[in-house]
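Below you'll find the structure, written out as structure tokens, and then a few comments.
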Amino acid sequence: MKKKLLVLVLAIALVISMAACGSGGSDTSTNDEPATTEDTTDTSSDQPADSGEKLKVGVSMPTKSLQRWNQDGDNLKSQLEAAGYEVDLQYAGDNEIPLQVTQLEDMISGGCKVLVIAAIDSTQLGSPMEQAKEKNIPVIAYDRLIMNSDAVSYYASFDNFKVGEAQGQFIVDALDLENQKGPFNIEMFTGDPADNNVNFFFGGAVSVLQPYIDSGVLKVPSGQTEQAQCATENWNSEKSQARMENLISAQGYGPSKTKLDAVLSSNDSVAQGITNALVGAGYTKDDFPVLTGQDCDVASMKNMLAGLQAMSIFKDTRTLADQTVKMVDAILQGNEPEVNNTEDYDNGTGKIPSYLCDPIPCTLDNYKELLIDSGYYKEDELQ
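Positions 4 to 386 (this note's numbering) are the ones given, in order, by the sequence shown.
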């Protein structure tokens, strides 16, 4: 009897134990929260951190051989990075068009969301412009309008017609053409014919000077008054020096020979070549012709302080970079960038919405305020 009772107790205990195990298995199979929580964590850790990725902006500059473009590139890069963007800044050697084309194509394939381009030749960027358009990448033409391409979204520059007007007016005022009969001898230089801005620089200056040429108060002894005759390939100082030397020889210019009263130069690199030629012909600060320029390059500012250049146009690249960064930021935020000119800049496919900054004439009277006090240069840089 005891043996039967023991067997019965063991059997009951076994049933209870199995029931308890079955109850635990049933809870595990119906409660999948732990498994779901683990899966969710793993999935989220595999997701790319898109929110932390910086959008990339491509910046293409034409050359490192001119101080001006180094400043533009540095200002754009620093301001874009401060705004939170990754920047691919490239310089196209020494104005090498095929290299600029290749660099732009690499920027496009490398994931740049906006392109900021200072073109070497405003008509030679067809292939990358087509690629940018196909990929819906906005293009901001920087200081040089890219021609014959409907891929250009915006243009950021200075009012370049005003640049020429200011240079022409400076010559008028310096020679007091309103009150003098003359004739005063002048020669004229502008920049690279592939740079669309030349049309505005030269056109603005001639619009001021032409009435005095027509009246005979101003005389161009060489007869070289057409833009093509006055052009300087790549804005090259050596080329402007060579042309000035030829004019000196052909016209007999010199301190004690045929008087040269003024030389219109559209920018500083061209002016520096002209200065070299005039100094080589014996001119000093006491008899130096009125010579214009643009960009306030260090070399030209030193010439100005030495009496070997009369003025330069200050185009504050920090201001232009700041406005361009605002354009980029608006585009990438899905907004319309601010523009202040929609009528004057037609690139052959239509009028390009533009933002034009104001150029400021710089002379010995105001250079400290414009360049030193503003922090653009340190005073010892110009010594």
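Backbone N, C-alpha and C fix where the C-beta goes; we use that ideal spot for every residue, glycine too. Since the model is a prediction, treat every value here as computed from it, not as a measurement.
In the three-state scheme derived from DSSP, where H, G and I count as helix and E and B as strand, SER240 is classed as helix. Going by DSSP, PRO364 is part of the beta strand (DSSP E) stretching over 363-365.
Taking a cut-off of 8 Å on C-beta distances, the segment 290-297 does not touch the segment 324-338, as fewer than three cross pairs fall below it. DSSP places GLY96 in the coil class of the three-state scheme, outside both helix and strand.
VAL266 is bridged by DSSP to GLU190 and LEU294.
For the 8 Å CB-CB criterion, PHE204 and ASN163 form a contact. By the Cβ criterion, the segment 76-83 is not in contact with the segment 95-111, since fewer than three pairs of Cβ atoms, one from each stretch, lie closer than 8 Å. Pairing ARG71 with ASP300 gives a Cβ-Cβ distance under 8 Å. Within the same chain, Cβ atoms closer than 8 Å to the Cβ of SER240 are found at SER272, VAL273, GLN275, GLY276 and ASN279, the five residues on either side in sequence being excluded.
With a 10 Å radius around the Cβ and a threshold of 16 neighbouring Cβ atoms, ALA309 comes out exposed. PRO214 is classed as exposed because its beta carbon has fewer than 16 other beta carbons within 10 Å across all chains shown. In this structure, the beta-carbon distance from GLN336 to LYS318 does not fall below 8 Å. With contacts defined as CB atoms closer than 8 Å, LEU178 and VAL142 fail to qualify as a contacting pair. For the segment 164-234, the continuous beta strand (DSSP E) assignments of 3+ residues that do not extend past its boundaries occur at 187-192, in sequence order.
Nearest C-alpha to ASP146 among GLY283, THR322, GLU181 and ALA86: THR322. With contacts defined as CB atoms closer than 8 Å, ALA234 and VAL201 qualify as a contacting pair. Looking at the DSSP output, SER357 shares a beta bridge with TYR158 and ASN344. Excluding its 5 nearest sequence neighbours in each direction, ASP97 has C-beta neighbours in its own chain below 6 Å: THR66 and SER68, listed in chain order. Pairing GLY351 with MET150 gives a Cβ-Cβ distance under 8 Å. Unbroken alpha helix (DSSP H) stretches of 4 residues or longer found wholly inside the segment 77-156: 100-112 and 129-137, given in chain order. The Cβ-Cβ distance between TYR348 and LEU148 falls below 8 Å.
For MET64, the enclosing beta strand (DSSP E) starts and ends at 59-64. Distances from the alpha-carbon of PRO131 to those of GLY113, LEU107, ILE140 and ASP124 put LEU107 closest. Per DSSP, SER259 lies in no beta strand (DSSP E) segment and is marked neither H nor E. Taking 8 Å as the cut-off, the Cβ atoms of PRO186 and GLY219 count as close.
In the DSSP annotation of this structure, the continuous segment of the alpha helix (DSSP H) that includes SER272 starts and ends at 271-283.
Between GLN170 and ALA208 the beta-carbon gap is near 5 Å, inside 8 Å, which marks them as a contact. Around ALA95, the same chain offers SER63, MET64, PRO65, THR66, LEU102, GLN103, GLN106 and ILE123 as residues with beta carbons nearer than 8 Å, after the five sequence neighbours per side are excluded.
For ILE334, the enclosing alpha helix (DSSP H) starts and ends at 320-335.
Here THR261 is exposed: its Cβ has fewer than 16 other Cβ atoms, across all protein chains shown, within 10 Å. In the DSSP secondary-structure assignment, ILE316 is bridged to GLN297 and PRO364. Nearest to ILE316 by C-alpha distance, out of ASP153, ILE363 and TYR286, is ILE363. By DSSP's assignment, ASP349 forms a beta bridge with LYS354. The Cβ-Cβ distance between GLU190 and VAL266 falls below 8 Å. Cβ contact annotation for GLU382 (same chain, cutoff 7 Å, sequence separation greater than five): ILE375, in chain order. Going by beta carbons, LYS305 and LEU385 fall inside the 8 Å limit.
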